[in-house]
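J.: What follows is a structure written as structure tokens; I'll ask about it next.
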Amino acid sequence: MSEIFHPPSGFVWPEGTRFAASLTFDVDAESGALAFDSTFHRRMSLMTHQSYGPTVAVPKLLAMLEHHGIPATFFVPGYTADLYPDMVKQIADAGHEIAHHGWMHEKTTSLTDEQEAEMLDRGLESLDRVGVRPVGYRAPWWEYNYRTTDLLLDRGFAYDSSLLDGDVPYRFTSGEGADRDLVEIPVDWALDDWEQFAFYPEWTGSGLIESPRKALQMWSDEASVAAAAGNCFVLTNHPFISGRPTRLSALSQLVDHLESLDGVWFATLQQIAEHSANTLSDIKIHRRIPDPGAQPGQSGDGHPLGHLHDNL
Ligand SMILES: [Zn+2]
Numbered sequence: 001m002s003e004i005f006h007p008p009s010g011f012v013w014p015e016g017t018r019f020a021a022s023l024t025f026d027v028d029a030e031s032g033a034l035a036f037d038s039t040f041h042r043r044m045s046l047m048t049h050q051s052y053g054p055t056v057a058v059p060k061l062l063a064m065l066e067h068h069g070i071p072a073t074f075f076v077p078g079y080t081a082d083l084y085p086d087m088v089k090q091i092a093d094a095g096h097e098i099a100h101h102g103w104m105h106e107k108t109t110s111l112t113d114e115q116e117a118e119m120l121d122r123g124l125e126s127l128d129r130v131g132v133r134p135v136g137y138r139a140p141w142w143e144y145n146y147r148t149t150d151l152l153l154d155r156g157f158a159y160d161s162s163l164l165d166g167d168v169p170y171r172f173t174s175g176e177g178a179d180r181d182l183v184e185i186p187v188d189w190a191l192d193d194w195e196q197f198a199f200y201p202e203w204t205g206s207g208l209i210e211s212p213r214k215a216l217q218m219w220s221d222e223a224s225v226a227a228a229a230g231n232c233f234v235l236t237n238h239p240f241i242s243g244r245p246t247r248l249s250a251l252s253q254l255v256d257h258l259e260s261l262d263g264v265w266f267a268t269l270q271q272i273a274e275h276s277a278n279t280l281s282d283i284k285i286h287r288r289i290p291d292p293g294a295q296p297g298q299s300g301d302g303h304p305l306g307h308l309h310d311n312l
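Numbering of the sequence shown is given in UniProt numbering, commencing with residue 1 and proceeding in unit increments.
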């Protein structure tokens, strides 16, 4: 990979390590489909496609992580925790981090302030019932709102992992004069299994299901460059997608590759957030883009690709 341009990020990782790698699992299960259309509860086959995650995939994923001796972060919607409390306890008992992922995997961009606050509280209550007090949050569909920062800080969260503007973690706050901040651990759609494999008729995906070999190659290249640049490699998987046999095998091979890279720090996002909060001094404020108004050629709600937007 030496011929590939990879400027050093300048991020200082814990002594003896040169970059971080974190496997994250969003245990959406039924909630991701029901948030899209609540009448999907009548579709038995679709419900089994989703329940494959907590019932079949998670135990296999836990075994794979144990085999490699690495920790991971599991984002669990409150609805999933209510349906599968024993699974959540199994994950926690294995030493992995449990973090917040909404209640019913809500479409956060269409919520009011009050509804988003209620969604956060409801998710916290569900996790509390299984003995978990999360410090991390990932917005469903990675749709974080400008108001979300204060809602998270009010509830004692330490980090978010939904934004897409960094190769390494950073600290940020909600605006000028704010005296508290969160850590962001950025994500990337190229490092998400949904785009590679997800397909269910009349719900999601194009019908194209990629080969796990292709995803393994793509993610291995991402990992190699993250190692060379000193970046933070964050992979997002969904148990109902990546717990399928061949994909699970590819994921294990990806961990083999990460283990072969010099200076890897396998960490939960909580560990990465704590390290970042302790070592970074700059605090970012995101620029708010003012409404530019309807542009020539735009119609309706202004989405030229409205039909694609509907499918996400
Ligand atoms: Zn999700």
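Glycine is no exception: its CB is placed at the ideal position from the N, C-alpha and C atoms.
As the structure is a computational prediction, the values presented were derived from the model and not from experiment.
(1) State yes or no: is the C-beta of HIS105 nearer than 7 Å to some heavy atom of ligand 1?
(2) Examine ligand 1 and report whether any of its heavy atoms sits within less than 7 Å of the Cβ of ASP86.
(3) Which same chain residues end up closer than 6 Å to THR268 when comparing Cβ atoms and leaving out the 5 residues on each side of it in sequence?
(4) Please determine, among ILE241, PRO296, TRP203, PRO201, the residue with the shortest C-alpha to C-alpha distance to ALA215.
(5) Among the residues of its own chain, which have a CB less than 7 Å from the CB of ASP192, if the five just before and after it don't count?
(6) Identify whether GLU176 lies in helix, strand or coil by the three-state DSSP scheme.
(7) So, helix, strand or coil for THR73, using DSSP?
(8) Say whether the region 7 to 18 touches the region 257 to 276, bearing in mind that this needs 3 or more beta-carbon pairs closer than 8 Å, one atom from each stretch.
(9) Who are the Cβ neighbours of SER51 in its own chain at under 7 Å, not counting the five residues just before and after it?
(10) Given 7 Å as the limit, tell me if PRO140 has its C-beta closer than that to any heavy atom belonging to ligand 1.
(11) How far does the alpha helix (DSSP H) with ILE272 in it extend, from its first residue to its last?
(12) From the DSSP output, which residues share a beta bridge with LEU127?
(13) Count the CB pairs spanning the region 218 to 228 and the region 31 to 43 that are closer than 8 Å, and state whether there are at least three.
(14) Distance, Cα to Cα, LEU182 vs GLN295?
(15) Compute the Euclidean distance between the alpha carbons of PHE233 and PRO54, then round it to the nearest angstrom.
(16) Tell me whether the beta-carbon of LEU152 lies closer than 8 Å to the beta-carbon of TYR137.
(17) Under the three-state reduction of DSSP, which class applies to TYR200: helix, strand or coil?
(18) How is HIS100 classed by DSSP in three states: helix, strand or coil?
(19) Is it true that the region 117 to 127 meets the region 138 to 157, where meeting means three or more beta-carbon pairs spaced less than 8 Å apart?
(20) Figure out for me which residue from LEU163, GLU202, GLU195, GLN196 has the closest Cα to the Cα of ILE185.
(21) Going by C-alpha distance, which of GLY102, THR112, TYR144 is nearest LEU127?
(22) Going by beta carbon distance, what residues of the same chain come within less than 6 Å of LEU65, once the five residues before and after it are set aside?
(23) For GLN90 versus LEU62, is the C-beta spacing smaller than 8 Å?
(24) Roughly how many angstroms lie between the CA atoms of GLU114 and LEU124, to the nearest whole one?
(25) Measure from the alpha carbon of ASN249 to the alpha carbon of each residue in SER224, ALA273, SER211, GLN271, then state which is nearest.
(26) Report all residues from its chain with a CB closer than 8 Å to the CB of HIS105; omit the five preceding and five following residues, and keep chain order.
(27) Which residue's Cα is closest to the Cα of ARG247: LEU208, GLY175, ARG213, VAL58?
(28) Can you find the residues in the same chain that come closer than 6 Å, C-beta to C-beta, to SER276, ignoring five residues on each side of it along the sequence?
(29) Measuring alpha carbon to alpha carbon, tell me which of PHE5, PRO7, PHE11 ends up nearest ALA273.
(30) Take the Cβ of TYR159 as the centre, count every other Cβ of all protein chains shown within 10 Å, and call the residue buried at 16 or more, exposed below.
(31) Return yes when at least one heavy atom of ligand 1 lies under 7 Å from the C-beta of HIS96, else no.
T.: According to the data block:
(1) As a working note, residue 105 is residue 105 in the sequence shown. At least one heavy atom of ligand 1 is nearer than 7 Å to the Cβ of HIS105, so yes.
(2) Stepping through the sequence shown from its first residue, residue 86 is reached at position 86. Outside the cutoff, so no.
(3) Residue 268 sits at position 268 when you count from the first residue of the sequence shown. Answer for THR268: PRO71, THR73, GLU97, listed in chain order.
(4) By one-based count along the sequence shown, residue 215 stands at place 215. Nearest option by C-alpha distance: ILE241.
(5) As a working note, residue 192 is residue 192 in the sequence shown. Cβ within range, chain order: THR236.
(6) Here residue 176 refers to the residue found at position 176 of the sequence shown. Coil at GLU176, not helix or strand.
(7) Taking the first residue of the sequence shown as position 1, residue 73 is located at position 73. THR73: strand per DSSP, three-state reduction.
(8) yes
(9) For the purposes of this step, residue 51 is taken as residue 51 along the sequence shown, with counting starting at 1. Excluding sequence neighbours, SER51 sits near ALA29, GLU30.
(10) Within the sequence shown, numbered from 1, the residue matching residue 140 stands at position 140. PRO140 Cβ: within cutoff of ligand 1.
(11) Position 272 of the sequence shown holds residue 272. Element bounds for ILE272: 269 to 279.
(12) For the purposes of this step, residue 127 is taken as residue 127 along the sequence shown, with counting starting at 1. Per DSSP, none; premise fails for LEU127.
(13) no
(14) In the sequence shown, counting from the first residue as 1, residue 182 sits at position 182. In the sequence shown, counting from the first residue as 1, residue 295 sits at position 295. Cα to Cα, the separation comes out at about 35 Å.
(15) What you label residue 233 is simply residue 233 of the sequence shown in a count that begins at 1. What you label residue 54 is simply residue 54 of the sequence shown in a count that begins at 1. Taking the straight line from one Cα to the other gives about 25 Å.
(16) Numbered from 1 along the sequence shown, position 152 holds the residue referred to as residue 152. Numbered from 1 along the sequence shown, position 137 holds the residue referred to as residue 137. Contact: yes.
(17) For the purposes of this step, residue 200 is taken as residue 200 along the sequence shown, with counting starting at 1. Looking at TYR200 - three-state DSSP - the assignment turns out to be strand.
(18) For this step, residue 100 is matched to residue 100 along the sequence shown. Here HIS100 sits in strand by DSSP.
(19) yes
(20) Indexing the sequence shown from 1 puts residue 185 at position 185. Per the Cα distances, LEU163.
(21) Counted from its first residue, the sequence shown places residue 127 at position 127. LEU127 has its Cα closest to that of GLY102, out of GLY102, THR112, TYR144.
(22) For the purposes of this step, residue 65 is taken as the residue at position 65 of the sequence shown. Here the set comprises ALA72.
(23) The residue given as residue 90 occupies position 90 in the sequence shown. The residue given as residue 62 occupies position 62 in the sequence shown. For GLN90 and LEU62, yes; Cβs fall inside 8 Å.
(24) Stepping through the sequence shown from its first residue, residue 114 is reached at position 114. Stepping through the sequence shown from its first residue, residue 124 is reached at position 124. Cα to Cα, GLU114 sits roughly 15 Å from LEU124.
(25) Counted from its first residue, the sequence shown places residue 249 at position 249. The residue you asked about is not Asn; residue 249 is Ser in the sequence shown. Minimum Cα distance to SER249 is reached at SER211.
(26) As a position in the sequence shown, residue 105 is number 105, starting the count at 1. The residues are ASP28, SER31, GLY32, LEU34, ALA35, PRO77, TYR79, PRO140, TRP141.
(27) Taking the sequence shown and counting its residues from 1, the one referred to as residue 247 is at position 247. Out of LEU208, GLY175, ARG213, VAL58, ARG213 has the C-alpha closest to the C-alpha of ARG247.
(28) As a first step, residue 276 is located in the sequence shown; it is residue number 276 there, counting from the start. Excluding residues within five positions, the ones whose Cβ falls inside 6 Å are PRO169, VAL183.
(29) Within the sequence shown, the letter at position 273 stands for residue 273. Among PHE5, PRO7, PHE11, the Cα nearest to that of ALA273 belongs to PHE11.
(30) In the sequence shown, the residue the question calls residue 159 occupies position 159. Classification for TYR159: buried.
(31) The sequence position of residue 96 within the sequence shown is 96, counting from 1. Checking the Cβ of HIS96 against ligand 1 gives no.
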